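157 is the number that this note's numbering gives to position 155 of the sequence shown; each next residue is one higher, with no gaps.
Beneath this line is the structure, given in structure tokens, with notes to follow.
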Amino acid sequence: MTAFPPRIFSCLNPRRQRLFAKGNRGFTLVELLVVIAIMGVLASLVLAGLKSVRKSAESGKIQSQIRQIYLASALYATDHGGHLPKVAATGISGDPTEFFFLMKENSIADLENSGLNPYLGSNKANWLAPGDDGIKSDARPGRNFSISFNFLINKGELQPGASGPSGFEKALGTVRLPLLEKPSRKILFFEEERPNDGFCVWFIDKPTTRHNGKAHAGFADGHVELLVPADMSASEFCELVPQDQQY
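Laid out in structure tokens, this is it:
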């Protein structure tokens, strides 16, 4: 055992000298408590950092998913005279390749036969956002999408004898993506809290609050923003075409 310098060793009281001489000096209770407290602080800092990293990764992932859906929608529009796919809620039927997707039942979308399916490539499964547990609005498991649409993508067409479109009857045509004014301020897609149909935030659906009280919204120019849900229903964002052009 390495000997202590005589001057230091002589400063210790007899009991301490015996402990050092035997090589079995231990920690005091105060020292142990200090070490435990420091370890606790370090652990909390590490956990907080990991949580922040996980949340940031989830946010980046859903942004990427929304951008992929936008790109697929733009490709679809290119092949269909500029028109986006139709938005549909439960109960609407038709050719599924004309819609973003039709609904099999509440919360379950027919993603395999959607209009975007041919354009999504390897991203076909990217409809459920990270952090979304896939619980339906009635608390049962099984929901398969987190991203919903602005229902006003459906431009609508006049019904016989009607002065204007209304309700589900207007879901016959869609706006043309290249003709949207101020596309950087028009929301096409949003991350929903409890997707239960193919409808939109401006009727019965709610944006998520998973991201510090905010939800991701995809705009008509392809960029994605985090917004407070209450702000997403502003006419600046949701009215894709003027009311008098919704024919």
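Built from N, CA and C at the ideal position, the CB exists for glycine as well.
Given the structure is predicted, the values throughout are model-derived calculations rather than measurements.
Burial state of residue i, where buried means 16 or more other Cβ atoms lie within 10 Å
i: P265; result: Since the first residue of the chain shown is 3 and the last is 249, residue 265 is not available in this structure.
i: L86; result: buried
i: M234; result: buried
i: D97; result: exposed
i: L44; result: exposed
i: L49; result: exposed
i: G169; result: Annotation note: pLDDT 47 at G169 (below 50); position unreliable, coordinate value reported separately. Flag for G169 reads exposed.
i: K184; result: exposed
i: K250; result: No information on residue 250 is available, as it lies outside the stretch 3 to 249 that the chain covers here.
i: A111; result: buried
i: P120; result: exposed
i: F11; result: Per-residue confidence for F11 stands at a pLDDT of 46, beneath the threshold of 50, marking its modelled position as unreliable; the derived number appears in the next sentence. So F11 ends up on the exposed side.
i: D207; result: buried
Where the beta strand (DSSP E) through residue i begins and ends
i: L104; result: L104 to E107
i: E193; result: I189 to E193
i: S150; result: I149 to F151
i: E227; result: V226 to L229
i: I110; result: I110 to D112
Whether residue i touches residue j by CB criterion (8 angstroms)
i: W129; j: S148; result: yes
i: V230; j: A219; result: no
i: V177; j: V243; result: yes
i: A222; j: L190; result: yes
i: K138; j: S95; result: no
i: N1; j: L181; result: It is not possible to answer for residue 1, since the shown part of the chain is limited to 3 through 249.
i: Y72; j: G175; result: no
i: F192; j: A232; result: no
i: I40; j: A131; result: no
i: S75; j: L118; result: yes
i: E195; j: T211; result: yes
i: G83; j: L179; result: no
i: G136; j: P143; result: yes
Start-to-end residues for the alpha helix (DSSP H) that takes in residue i
i: L122; result: N119 to L122
i: S237; result: S237 to C240
Nearest neighbour of residue i, chosen from the options [CA to CA]
i: L122; options: Q70, K184, F192 and L179; result: Q70
i: S116; options: E107, T30 and F101; result: F101
i: S61; options: C240, H213 and E238; result: H213
i: K157; options: Q67, G133 and C240; result: C240
i: E238; options: N152, D135 and R56; result: N152
Residues bridged to residue i (per DSSP)
i: A219; result: F192 and E227
i: P143; result: I137
i: R178; result: H85
i: P209; result: E194
i: N156; result: T176
Test: residue i CB closer than 8 angstroms to a CB of chain D
i: E114; result: In summary, chain D is missing from the structure at hand, where a single protein chain is found.
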